[in-house]
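Notes follow the structure.
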Amino acid sequence: MTAYLGKRLLIGLATLLVASVVVFAILEILPGDPARLMLGMNATADAVEALRNEMGLNEGLLPRYLAWVGGMLSLDFGRSYTYSVPVIELIRERAIVSVPLALMSLALSTAIAIPVGVFAAARRGRPADTVAMAASQLGVAVPNFWFALLLVYVFAVWLRLVPAGGFPGWSAGAWPALKALILPSIALAVPQAAILARVTRSALLDVLGEDFIRTARAKGLPRGAVLWRHALRNAMLPVLTIMGLQFGFLLAGTIIIENVFSLPGLGRLIFQALNQRDLIVVEGIVMLLVATIVAVNLLVDLSYAIVDPRLRTAR
Amino acid sequence: MSLLEIENLSLAIGGQPILKGVDLSLEAGEVMGLVGESGSGKSMTALSVMRLLPDAASAAGRIGFNGIDLLAAPEDRMCALRGDDIGMVFQEPMTALNPLKTIGEQVAEGIRWHTRANRADAEAMAQRMLERVGLPAERFPLSRYPHELSGGQRQRVVIAIACALKPKLLIADEPTTALDVVLQAQILELLRDLVVENRMGLLLISHDLAVVTEMADRITILRGGEVMEAGNTAETLSAQSHPYTRQLAMASMHVPARAKTHHAAGTGPLLEVKGISRDYPARRRSLFHRPERFRAVDDVSFTLAPAQSMALVGRSGCGKSTLARIILALDEPSAGTIAFRGETITGRDQAALRPARRDMQVIFQDPYGSFDPRQRVERLVAEPLHLLDKRPTPAERRDLVAEALHQVGLQPSDMQKYPHEFSGGQRQRLSIARAIITRPKLIVADEPVSALDVSIRAQILDLLADLNQRLGIAYLFITHDLTVARAITDEVMVMDARRIVESGRTADVLSQPRSQAARALVDAAPDLHRAIARRMREQG
């Protein structure tokens, strides 16, 4: 067990190292001088040069890379070129929107997908299964921004239950803030749930064909009990894998939904920073995302080991 | 009234008839053997009794159990019977247990479900049952997971699950087919004891006539979904009045006619194995220590003459398949050398191995798994031809494939077909055709007939014997089945716990084994002659 997790941890750290090199190198290759961008087109060459020296841009690659990595280890991501505030501040401001949104979407999508998947698998080939799978097909196919607009129209414009967009901030109280995140999290969760439900169904159907299911039936357990007690846990491994992948997307791949609902999230921050050549912000966010995804994968690996005793004793 | 009465049972799956008017009855404390080849409907008969048939199946007739009509019983009634009054043991112990639950949970689950006992009581009962099937708590605590047990131990757990509540009827569907002969004998003895202890009725399903004869009081022979013959085991098998019964018995004991082998004098040995050992790294205990080593093959040496037929027999896990892989140069030994036709083949690169690979081919156990289902026979059989120095033209290739198919008794026109168009026996012929197409000097055959029905097995053994005579191919047969070794080999080596413990002429070793391992194999091997003789004494 420790060996298994130790190995995963090492792989995760190696991933972070490689990612930091790649991120650093790509932004190094991209054209555009941050000093020139900050000072504007009319600045004198001397002024630009002075700023470059101040920002350390004239030092060699390796010292700059090491300084950057060293800074990140102490949570110092540098200062934004455009806003002149610490990058970590910018990220913190946005993360308090994006992280709750991602968690809500994940919880919602799991809560929809697993019962639907189990239900469809239990009624394989019958009308209920066909309807559930057709619905999930629709969920995968419909673009989430369109679905988001539909939600806004029905629940915000027509029924006036929730605001159509914007984020009041947590200082305005938990309920108004959560209320602002309800529609976006539904819009994000439904397509994810559609995929997850299909994965759950097919994983379950695979397991239901196994010999040990027949052994359980021969013990006298009815179909339903066999499904919940024996099949579901065995079907969890692929489901957990997909959930881990989806969480990464929910955290940063949500720029369209953030735009539809005018939410100040990480997705929009990274988009703005890219537009403004605020490379140091981009670097910081990307590294943070990589770290999150590595951490989520580590959690998924840990949950594998909890689900499957064979992994606990594996090499 | 009998414990189990199957009357005129018919079964169709998707309109395809599987069973046609099967009759069978079983008393308490009796063992009924249900025998037949694959596709005869044995398993479907068992699943009909359990009412665990596939969804598309529709059954007609009557199955009476203790006065209950099982076919008409509602599903919750069946759930109450399954695992309580009727238990079932399946063929494949490796996959019959849930890998994520402990053996304790799995045995206790049925007990709790049926008796509403609390966890502690159910686990105490499970513990006693596991002890009864030979898994004592000191070595096999309830907290063990299936992957920590061997195949034979897992089958004991499955039997513990099925017998936990002392069922009146136990159905065992090929319970020992996946096990080696020594384990088979142990499991059969366990089943026999359980029958006597609890006056349980046992419906034993097997394709192996010898196993059934040793176990069953009465026997029912099934073919194509119909009962061919039924009666007392001793009478039925000694009289063999029904032609199909006779055919099955003959096929089970079949020994191919082989003239004496012509040892080509003067030439050196074909294969010379010297001091071969193979170590594998064992499980790592810590990141910082070197993993321990696990020895799979330990200092094995032997020689094989041209055209000689030799058997390598041993229990599962003794290292025989590892040794075979090393001989085929699919794995590197940790120590020792192998010479083929006088040339060392260990430690050579792939290009240098080409001539040796051409002259050394292999036949695997499973004729289903060893072919790519999406390729035509022509390409499949022609596969080893890339080992030839000169690439054959398409026309030459077709001629070679046609010749090889002809040698194994198939039609040249078969080369346009796909593997799924052939039966199991025909597929094994295809793998033999593939093995002989390069005119090899040696064929390594890993359990080549153990997945086949007895009548097909007899044909394949004949074919192998014939190829040995006509083409002078030497064989190394890897098997745990002594009937195969006896039927087709001149010499035998007995392997036990990584080493070769005995070798000699097949007839001598099998009639007078000297080592303990060889004696265990010989004693455990079911033998139809012996079994019928014993039955005759018992049943008069």
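Residue numbers (the working numbering), protein chains in the order written: chain A, 1 to 315; chain S, 1 to 540. Idealized CB from N, CA, C, for every residue including glycine.
Using a 10 Å radius around the Cβ and a threshold of 16 neighbouring Cβ atoms, would you call residue i buried or exposed?
i: L248 (chain S); result: buried
i: R535 (chain S); result: buried
i: I86 (chain S); result: buried
i: Q459 (chain S); result: buried
i: D399 (chain S); result: exposed
i: R315 (chain A); result: Only weak support is given to the placement of R315 (chain A): the predicted model assigns it a pLDDT of 43, under 50, and the value that follows is read from those uncertain coordinates. By the neighbour-count rule (16 or more Cβ atoms within 10 Å), R315 (chain A) is not buried but exposed.
i: Y475 (chain S); result: buried
i: D389 (chain S); result: exposed
i: G60 (chain A); result: exposed
i: Q153 (chain S); result: buried
i: S109 (chain A); result: buried
i: F294 (chain S); result: exposed
Hey, is residue i's beta-carbon within less than 8 Å of any beta-carbon in chain S?
i: L219 (chain A); result: Note that residue 219 (chain A) is Lys in the sequence shown, not Leu. Interface residue, yes.
i: F147 (chain A); result: no
i: T215 (chain A); result: yes
i: D206 (chain A); result: no
i: P309 (chain A); result: yes
i: D301 (chain A); result: no
i: N234 (chain A); result: yes
i: E212 (chain A); result: Correcting the residue identity first, residue 212 (chain A) is Phe in this sequence and not Glu. Taking Cβ atoms only, chain S reaches closer than 8 Å to F212 (chain A), which makes this a yes.
i: P222 (chain A); result: yes
So residue i packs on residue j, CB below 8 Å; how close in whole Å?
i: L452 (chain S); j: V381 (chain S); result: No, L452 (chain S) and V381 (chain S) are not in contact; Cβ-Cβ is about 19 Å, not under 8 Å.
i: V408 (chain S); j: L463 (chain S); result: 6 Å
i: T506 (chain S); j: T483 (chain S); result: That pair is no contact at about 11 Å.
i: V195 (chain S); j: V35 (chain S); result: Contact doesn't hold; Cβ gap of about 18 Å is too wide.
i: G110 (chain S); j: L165 (chain S); result: 7 Å
i: S317 (chain A); j: L90 (chain A); result: Nothing can be reported for residue 317 (chain A), as the shown portion of chain A is limited to 1 through 315.
i: V157 (chain S); j: L135 (chain S); result: 7 Å
i: E214 (chain S); j: Q91 (chain S); result: That pair is no contact at about 18 Å.
Return the residue from the list the options that minimises the CA-CA distance to residue i.
i: G209 (chain A); options: A:L196, A:A235 and A:F271; result: A:A235
i: D298 (chain S); options: S:A305, S:Q361, S:M495 and S:T245; result: S:M495
i: P373 (chain S); options: S:P99, S:F340 and S:P419; result: S:P419
i: I18 (chain S); options: S:L53, S:G29 and S:A28; result: S:L53
i: S316 (chain S); options: S:I478, S:A96 and S:S503; result: S:I478
i: G15 (chain S); options: S:V211, S:D55 and S:A216; result: S:D55
i: D84 (chain S); options: S:T115, S:M228 and S:Y244; result: S:T115
i: T254 (chain A); options: A:S98, A:N58 and A:V190; result: A:S98
i: G39 (chain S); options: S:V454, S:G225, S:E123 and S:Q350; result: S:G225
i: R341 (chain S); options: S:T303, S:Q365 and S:R457; result: S:T303
i: P222 (chain A); options: S:R499, S:V22 and S:C79; result: S:C79
i: I532 (chain S); options: S:T346, S:M253 and S:R348; result: S:M253
i: D211 (chain A); options: S:I443, S:A96 and S:P306; result: S:A96
i: P238 (chain A); options: A:R198, A:G125 and A:R277; result: A:R198
Would you give the residue range spanned by the beta strand (DSSP E) that residue i belongs to?
i: L34 (chain S); result: V31 to V35
i: D389 (chain S); result: Looking at the DSSP string, D389 (chain S) is not in any beta strand (DSSP E), and its letter there is neither H nor E.
i: V362 (chain S); result: M360 to I363
i: Y475 (chain S); result: A474 to T479
i: M78 (chain S); result: Careful: M78 (chain S) lies outside any beta strand (DSSP E), inside the alpha helix (DSSP H) at E75 to L81.
i: Y280 (chain S); result: L271 to P281
i: Q240 (chain S); result: Here Q240 (chain S) belongs to no beta strand (DSSP E), and DSSP marks it neither H nor E.
i: E229 (chain S); result: E226 to N232
i: K20 (chain S); result: Q16 to L26
i: P452 (chain S); result: The question names Pro, yet the displayed sequence has Leu at residue 452 (chain S). Here L452 (chain S) belongs to no beta strand (DSSP E), and DSSP marks it neither H nor E.
i: V444 (chain S); result: L442 to D446
Where do the ends of the alpha helix (DSSP H) carrying residue i lie?
i: R429 (chain S); result: G424 to I436
i: D121 (chain S); result: R119 to R132
i: N297 (chain A); result: L279 to V307
i: S136 (chain A); result: P127 to A141
i: N198 (chain S); result: V181 to N198
i: K179 (chain A); result: A174 to L208
i: V211 (chain S); result: L209 to M215
i: E421 (chain S); result: Neither: E421 (chain S) is in no alpha helix (DSSP H) and is coded neither H nor E.
Can you find a C-beta in chain A that's less than 8 Å from the C-beta of residue i?
i: F364 (chain S); result: no
i: L158 (chain S); result: This sequence places Val at residue 158 (chain S); Leu is not what is there. Yes - at least one Cβ of chain A is within 8 Å of the one on V158 (chain S).
i: P99 (chain S); result: yes
Report yes if the C-beta of residue i is less than 7 Å from at least one heavy atom of the ligand ATP; otherwise report no.
i: L311 (chain A); result: The model depicted lacks the ligand ATP and carries no ligand whatsoever.
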